[in-house]
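Read through the structure below, which is laid out as structure tokens, and then see the notes.
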Amino acid sequence: MIFTSVYLNVFLCLLLFNFQWREQKSVLYLCFFILLFNLRVVIGILLNSHTHLNELAILLFQTDPLTCLIGPFVYFYGKSVFEEKLVFKPESLFLFLPSLLLLLNLLPYYQLSTEEKFSFIMQIDKNIYFRNFPKEYTLLFDYNIQRAFIPLSNLSFVIYTFYYLLKKKSNELMKPKISKIITSLVFILAVSVFPMLLNIIYVTYKSPLQADLAFRLPLINTNLEFYYLLTLISPLSFLLFPKFIYGFNTNTSMVQWFKVFFSKKNSPDEIELNKSDHSDGMDKIMDYLEKEKPYLKIDFSLHDLSRELNIPHLRVSSCFNKQLKTPFPVFRNRLRVDHAIQLFKENMHLQMSIEGISAVCGFKNKSRFYAAFKAEYKMTPTEWIEKNK
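If you count the sequence shown from 1, position 52 lands on 52 in the numbering used here, and the numbers rise without skipping.
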């Protein structure tokens, strides 16, 4: 039962990649965070189970540099979600320096033989090294400093990331869809982390010395099953927000998958229609819009889209209304506004007027551009430029 959470989290990451990768590349960082957080939790359970000492010898202390990356991955995920692309710049490598420092600090420990590490873990399990980590096993600084640095570093990144996202949201720079993703994640973290924080406070209060080198849980012989269940809260909490897993496109939901699965009982014509609607139709439309950018033409219409892709007009309309839950004119304006944002980021507003940019983006006049922009960002283009200088 100790490793059940590992299997659940791996399965969760596979689901996220399968359903979210095309919509949100940032899911890569989210999966790293989920797996590393689970690794830290599992190590704590192994340490108190007095079993699986071989696995504990591999994971305890040796994975400290990895778990120090939890914070940076939270930061990368937050930035990537807001910018709707996978964010990683060369200067971001500096955020990995603390992890590298911990790696160097543990070099003497890494150089121990497998037998020596196992013997050391056995002594920890028996509380022989209850308070002090051998100084000869570290290179740069005492392990007590390292042990305190990891949670403080990760917590600092988490706090800054939430501050960054809340600031963007308060400035009305965040799209509604992104806001839903962040809100869902906050609730998931609250459900996952809050019980563990309460447990840590309880353990520290009941037995302060227990939380020294080896974090010990009270009444371990009778309550271990309770702590096993704590490890399952994190992956299971995602079930409270299925759209977070399957995406906000209804075509990717598990409900839609079941509909397609059971549609095999329908006639061949109905099955073919479903396949065309859900696969060929939507995929062709989105690929065409992304690659050709026809929405930049002022008179681009639903009829033009239907004619260019040779898809019936009603089916194209159904794709937008039923699958994307967004009427075609609204979706077209959203794409045009996104293109305008990209031009603003490239400082094109310094080379042409706002009216010129609105024409380049496919709007008939400046007033329609302002109305569409305000519908998406709750501010005018001029205000957006001022806030993003």
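Beta carbons: idealized from backbone N, C-alpha and C, even for Gly.
This structure is a prediction, so every number in the text was calculated from the model and none was measured.
Exercise. Given L335, which residues of its chain have a CB within under 7 Å of its CB, disregarding the five upstream and five downstream residues?
Worked result: Position 335 of the sequence shown, counted from the first residue, corresponds to residue 335. Excluding sequence neighbours, L335 sits near L289, Y295.
Exercise. Going by other Cβ atoms of all chains shown within 10 Å of its Cβ, with 16 needed for buried, is Y388 buried or exposed?
Worked result: Position 388 of the sequence shown, counting from 1, holds the residue named residue 388. Looking at the sequence provided, one finds Asn at residue 388 rather than Tyr. By the neighbour-count rule (16 or more Cβ atoms within 10 Å), N388 is not buried but exposed.
For this session: Take F73 as the anchor and find which of L36, Q111, D287 has the nearest alpha-carbon.
Result: Locating residue 73 in the sequence shown gives position 73, where the first residue counts as 1. Per the Cα distances, L36.
Exercise. How would you label T138, buried or exposed, when you count the other beta carbons within 10 angstroms and need 16 or more for buried?
Worked result: Here residue 138 refers to the residue found at position 138 of the sequence shown. It is buried - the Cβ of T138 has at least 16 other Cβ atoms within 10 Å.
Problem set entry | Closest by C-alpha distance to E376, when choosing among I188, T326, G44, L232 | Along the sequence shown, read from residue 1 onward, the residue named residue 376 stands at position 376. When each option's Cα is compared against that of E376, the closest is T326.
For this session: Using alpha carbons as the reference points, say which of F32, I2, F3 lies closest to N14.
Result: Within the sequence shown, numbered from 1, the residue matching residue 14 stands at position 14. Just to set this straight, residue 14 is Leu in the shown sequence, not Asn. Of the candidates F32, I2, F3, the one whose C-alpha sits nearest the C-alpha of L14 is F32.
For this session: Quick one: using the 10 Å Cβ neighbour count with 16 as the cut-off for buried, is T161 buried or exposed?
Result: On the sequence shown, position 161 is the one that residue 161 refers to. Buried, by the Cβ-count rule.
For this session: Determine the DSSP secondary structure at F96, reduced to helix, strand or coil.
Result: Indexing the sequence shown from 1 puts residue 96 at position 96. Three-state result, F96: helix.
Exercise. Could you give the residue range of the alpha helix (DSSP H) that holds V87?
Worked result: Position 87 of the sequence shown holds residue 87. Counting along the chain, V87 falls outside any alpha helix (DSSP H), and DSSP gives it neither H nor E.
Exercise. What does a CB cutoff of less than 6 Å around L343 pick up in its chain, not counting 5 residues either side in sequence?
Worked result: Numbered from its first residue, the sequence shown carries residue 343 at position 343. Same-chain partners within the cutoff: I357.
Exercise. According to the Cβ coordinates, are A231 and V41 closer than 8 Å?
Worked result: Position 231 of the sequence shown, counted from the first residue, corresponds to residue 231. Position 41 of the sequence shown, counted from the first residue, corresponds to residue 41. According to the sequence provided, residue 231 is Thr. The question's Ala does not apply to it. One thing to note: T231 has its Cβ within 8 Å of the Cβ of V41.
Exercise. Going by other Cβ atoms of all chains shown within 10 Å of its Cβ, with 16 needed for buried, is W384 buried or exposed?
Worked result: Here residue 384 refers to the residue found at position 384 when the sequence shown is read from its first residue. Classification of W384: buried, given that the 10 Å Cβ count is 16 or more.
For this session: Using alpha carbons as the reference points, say which of M282, A340, K25 lies closest to H313.
Result: One-based indexing of the sequence shown puts residue 313 at position 313. Nearest C-alpha to H313: M282.
Problem set entry | Sequence-distant residues of its chain with Cβ nearer than 7 Å to V158 (five each side left out) | Position 158 of the sequence shown holds residue 158. So the qualifying residues of the chain are G71, V74.
Exercise. Comparing alpha-carbon positions, which option in L165, L152, L106 lies nearest E136?
Worked result: Your numbering for residue 136 matches position 136 in the sequence shown. Here the closest residue by C-alpha is L106.
Exercise. Over what stretch of residues does the alpha helix (DSSP H) that includes K293 continue unbroken?
Worked result: Position 293 of the sequence shown, counting from 1, holds the residue named residue 293. No alpha helix (DSSP H) contains K293, which DSSP labels as neither H nor E.
Exercise. Which value, in whole angstroms, describes the spacing of the CA atoms of F194 and F331?
Worked result: Here residue 194 refers to the residue found at position 194 of the sequence shown. Here residue 331 refers to the residue found at position 331 of the sequence shown. Roughly 39 Å between the two C-alpha positions.
Problem set entry | Length of the line joining the Cα atoms of I58 and L86 | The residue labelled residue 58 in the question sits at position 58 within the sequence shown. The residue labelled residue 86 in the question sits at position 86 within the sequence shown. Distance between the alpha carbons of I58 and L86: 32 Å.
Exercise. Hey, out of K366, K284, S234, whose CA is closest to S5's CA?
Worked result: On the sequence shown, position 5 is the one that residue 5 refers to. When each option's Cα is compared against that of S5, the closest is S234.
For this session: Look at I34 and Y228 and say whether their C-beta atoms are less than 8 Å apart.
Result: Working through the sequence shown from its first residue, we reach residue 34 at position 34. Working through the sequence shown from its first residue, we reach residue 228 at position 228. Contact: no.
Problem set entry | When L165, S192, E116 are compared against K180, the one with the closest alpha-carbon | Residue numbering aside, residue 180 sits at position 180 when the sequence shown is read from its first letter. When each option's Cα is compared against that of K180, the closest is L165.
For this session: Report all residues from its chain with a CB closer than 7 Å to the CB of I121; omit the five preceding and five following residues, and keep chain order.
Result: By one-based count along the sequence shown, residue 121 stands at place 121. Taken in chain order, the residues that qualify are L53, L56, A57, L60.
Exercise. When you compare only the Cα positions, how much space is there between F76 and S318?
Worked result: Translated into positions along the sequence shown, residue 76 becomes position 76. Translated into positions along the sequence shown, residue 318 becomes position 318. If I take the Cα positions, the gap works out to 36 Å.
For this session: Look at the Cβ atom of L103, then the Cβ atom of P65, and state whether they are nearer than 8 Å.
Result: As a working mapping, residue 103 is identified with position 103 in the sequence shown. As a working mapping, residue 65 is identified with position 65 in the sequence shown. Contact flag set, yes.
Exercise. If you count every other CB in all the chains shown that lies within 10 Å of the CB of D67, and 16 or more means buried, which is it?
Worked result: For the purposes of this step, residue 67 is taken as residue 67 along the sequence shown, with counting starting at 1. In the sequence on display, residue 67 carries Thr and not Asp. Buried: at least 16 other Cβ atoms inside 10 Å.
Problem set entry | Within 8 Å, strictly: CB atoms of F244 and S184 | Taking the first residue of the sequence shown as 1, we reach residue 244 at position 244. Taking the first residue of the sequence shown as 1, we reach residue 184 at position 184. In contact: F244 and S184 (Cβ atoms closer than 8 Å).
Exercise. Where do the N-terminal and C-terminal ends of the alpha helix (DSSP H) with H313 fall, by residue?
Worked result: For the purposes of this step, residue 313 is taken as the residue at position 313 of the sequence shown. Here the alpha helix (DSSP H) through H313 covers 313-318.
Exercise. Expressed to the nearest angstrom, what Euclidean distance is found between the alpha-carbon atoms of F369 and I2?
Worked result: Position 369 of the sequence shown holds residue 369. Position 2 of the sequence shown holds residue 2. For F369 and I2, the distance between alpha carbons rounds to 56 Å.
Problem set entry | Cβ distance (whole Å) where I354 is taken to contact P381 below 8 Å | The residue labelled residue 354 in the question sits at position 354 within the sequence shown. The residue labelled residue 381 in the question sits at position 381 within the sequence shown. Contact flag correct, Cβ pair sits at about 6 Å.
Exercise. From A371, L240, F88, pick the residue whose C-alpha is nearest to that of K25; which is it?
Worked result: Within the sequence shown, numbered from 1, the residue matching residue 25 stands at position 25. Here the closest residue by C-alpha is F88.
For this session: Under the assumption that V81 contacts I182 (Cβ atoms under 8 Å), give the Cβ distance between them as a whole number of angstroms.
Result: For the purposes of this step, residue 81 is taken as residue 81 along the sequence shown, with counting starting at 1. For the purposes of this step, residue 182 is taken as residue 182 along the sequence shown, with counting starting at 1. Sure, about 7 Å apart at Cβ, within 8 Å.
For this session: State buried or exposed for K345, treating a residue as buried only when at least 16 other CB atoms are found within 10 Å of its CB.
Result: In the sequence shown, residue 345 corresponds to position 345, counting from 1. K345 comes out exposed.
For this session: Can you say whether V316 is buried or exposed, counting buried as having 16 or more other CB atoms within 10 angstroms of its CB?
Result: What you label residue 316 is simply residue 316 of the sequence shown in a count that begins at 1. Buried is the call here.
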